[in-house]
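Presented below is the structure to which this report refers.
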Amino acid sequence: MSYKTGWKGRYGRDKHGGYALIITLWVLVLLSMLAMTFNLSSRLSTAMVRNFKEETVANYLAVSGYNMVLREIMADRDRAVDFMDEEGRFYLDRESGPLPDTIHLPEGDVRVRVEDEEGRININHVSENILRLVLKNRGVDWEKQNELIDSLKDWIDPDDAHRLNGAEDEYYELLGYQAKNDRLDLLDELLLVKGFDRELVYGNDESPGLARYFTTFGTGGLNINTASRELMRLLGLGEIEIDTVMNQRTVTVGGYRMIPPRFTAAGFSRTSTMYFRVVVEATPAGSNISYRIESVLKRIPALKGYDLETLYWRENVLYSSSKAQ
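Numbering-wise, the numbering used here comes out as the position in the sequence shown, counting from 1, plus 314.
Take a look at the structure:
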């Protein structure tokens with residue numbers, strides 16, 4: 315016989331058959347992995363396309379809402395007064411009603427916040443007395459007040475001589491930078507100044523920080539028609555005086571046109587708004603993606619209406635974990 319039918323012969327055939335089975339299984343595993351990879355890639359590509367589409371829609375919604383707010387600001391009929399009522403609604407004049415806090419568009423909603431930068435204290439122009447009063451009423455002790463006031467002055471003034479509790483280049487160079495010797499452009503810069511930390515500037519869950527009450531925009535005038543109750547308390551006004559101010563800031567009265575002398579002593583010198591902070595956040599219907607635009611605008615009276623100058627601009631995409639309703 316040319317072929318043996320014993321155990322060894324059968325083993326030889328089974329061995330080759332086993333190799334074929336193993337190869338077949340590996341091929342199936344590889345094909346499965348390729349299929350899973352392709353499926354995952356397809357899902358990722360679909361998600362990326364969907365996100366890009368929703369980001370684009372959110373961007374256009376935000377820009378549309380932003381431009382609608384600008385048209386409202388430029389259509390102000392009363393240059394003498396802008397005011398914010400007890401509920402935080404911003405009025406450019408009594409006749410037009412408050413600026414909207416939400417704009418409903420067919421593609422989605424735009425949430426709007428408009429604030430007066432001159433409803434805050436300009437950190438670049440604040441007097442030592444006002445700054446000390448605010449720090450004191452925020453619970454900062456005397457020694458810390460001295461450090462903060464002297465350090466801020468040294469940071470802004472043009473010379474290199476430091477005050478008793480302040481700091482100049484010899485202090486900051488150890489931290490890798492120098493004193494600016496100029497005005498602050500943004501409140502974030504306070505974190506570079508000796509004595510100012512994040513909690514003092516931005517607050518915590520229990521208490522707001524200085525950023526709630528200060529700004530770097532404007533000429534230094536404080537608007538009595540837009541300052542918050544909290545700020546008025548920090549400036550030393552009593553509750554009766556604050557209630558008097560808020561009672562003027564209604565659509566019936568329309569805010570102060572002239573500032574009573576007792577309030578000018580607290581630092582109030584304006585009744586209308588020149589520097590606006592505009593924040594819009596747009597979300598397409600059914601999407602978990604939003605687009606946010608934040609700007610600071612200077613409104614300049616012109617022969618016909620107003621001109622607007624953009625002083626600050628920031629925009630970014632926001633993602634939430636759940637679908638918008």
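Even glycine gets a Cβ: it sits at the ideal position worked out from N, Cα and C.
Every value quoted in this text rests on a predicted model; they were computed, and no experiment measured them.
Coarse secondary structure for residue i, derived from DSSP in three states
i, result
"Tyr516", "helix"
"Ile603", "strand"
"Phe510", "coil"
"Lys318", "Caution applies to Lys318, whose pLDDT of 48 falls short of 50 and renders its modelled position unreliable; the model cannot decide the point."
"Phe577", "helix"
"Met572", "coil"
"Val377", "helix"
"Ser277", "The first residue shown for the chain is 315 and the last is 639, placing residue 277 beyond what the model contains."
"Met382", "helix"
"Ile554", "helix"
"Leu622", "strand"
"Leu617", "coil"
"Asn537", "strand"
"Leu348", "helix"
"Leu549", "coil"
Same chain, Cβ closer than 7 Å to residue i, neighbours up to 5 away in sequence not counted
i, result
"Asp474", "Glu482, Asp483"
"Leu466", "Val507"
"His476", "Asp468, Glu482"
"Tyr626", "Ser609, Val610"
Same chain, Cβ closer than 6 Å to residue i, neighbours up to 5 away in sequence not counted
i, result
"Tyr325", "In this prediction, Tyr325 scores a pLDDT of 48, lower than 50, which makes its location untrustworthy; the coordinate-derived value is nonetheless stated afterwards. Cβ within range, chain order: n/a, list empty."
"Arg584", "Glu432, Gly535, Asn537"
"Gly517", "Gly523"
"Met560", "Glu400"
"Pro573", "For the sequence presented, residue 573 should be read as Ile rather than Pro. Within the same chain, Ile573 has close Cβ partners Ile538, Phe582."
One or two residues paired with residue i in a DSSP bridge
i, result
"Ser609", "Val592, Trp627"
"Leu419", "Gly422"
"Pro522", "Gly517"
"Pro412", "Tyr405"
"Glu429", "Arg591"
"Phe528", "Ile435"
"Met388", "According to DSSP, which records beta bridges pairwise, Met388 is partnered with nothing at all."
"Thr597", "Asp423"
"Phe397", "Tyr405"
"Leu632", "Ser604"
Residues of its chain near residue i, where Cβ-Cβ distance is below 8 Å and the 5 sequence neighbours each way are ignored
i, result
"Thr416", "Asp423, Val424, Arg425, Val426"
"Leu505", "Asp511, Arg512, Val515"
Quiz item: What are the start and end residues of each continuous alpha helix (DSSP H) run of 4 or more residues lying completely inside the region 444-504, in chain order?
Solution: 456-470, 483-486
Practice problem: Decide yes or no for the touch test of the region 440-452 against the region 544-559: beta carbon pairs closer than 8 Å, at least 3 of them. | Solution: yes
Quiz item: Three or more beta-carbon pairs under 8 Å between the region 373-380 and the region 584-600, yes or no?
Solution: yes
Quiz item: Between the region 400-409 and the region 607-623, are three or more C-beta pairs nearer than 8 Å?
Solution: no
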